[in-house]
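So the sequence shown is residues 7 to 70, counted in the numbering used here. Note sheet for the following structure.
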Amino acid sequence: MSAHEELRMHLTQALTRTTEPDVQAHLHAALESCQELPTTLVTCPACGAVGLPERIEVHNCRQG
Ligand SMILES: [Zn+2]
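Structural data, given as structure tokens:
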């Protein structure tokens, strides 16, 4: 399971466990934001590391 799928799973589970309208609204908003997250992996042009764009941006690049 990818981190993206895991995030959706946790949000969906949380939705089934609350009857608070405020909390449900926040969880629905989070699920919508989740759908807009990039799911395609990118490759670091310097070292060839593969991962999510936000991870590659901050990874420990072997090329310095
Ligand atoms: Zn790199």
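Heads up, the beta-carbon is just placed ideally off N, CA and C, and yes, glycines get one too. Keep in mind the model is a prediction, meaning the values are calculated, not measured.
Return the chain-ordered list of same chain residues with a C-beta closer than 7 Å to the C-beta of residue 21, the five sequence neighbours on each side being excluded.
For residue 21, where only same-chain residues beyond five positions count, the Cβ hits under 7 Å are 30 and 33.
Is DSSP giving residue 49 helix, strand or coil here?
Reduced to three states, the DSSP call for residue 49 is strand.
Given 7 Å as the limit, tell me if residue 61 has its C-beta closer than that to any heavy atom belonging to ligand 1.
It does not: the Cβ of residue 61 is nowhere closer than 7 Å to a heavy atom of ligand 1.
Check whether the Cβ of residue 16 lies closer than 7 Å to any heavy atom of ligand 1, and answer yes or no.
Not under cutoff, so the answer is no.
Just tell me which of 28, 27 and 43 has its CA closest to the CA of residue 14.
Of the candidates 28, 27 and 43, the one whose C-alpha sits nearest the C-alpha of residue 14 is 43.
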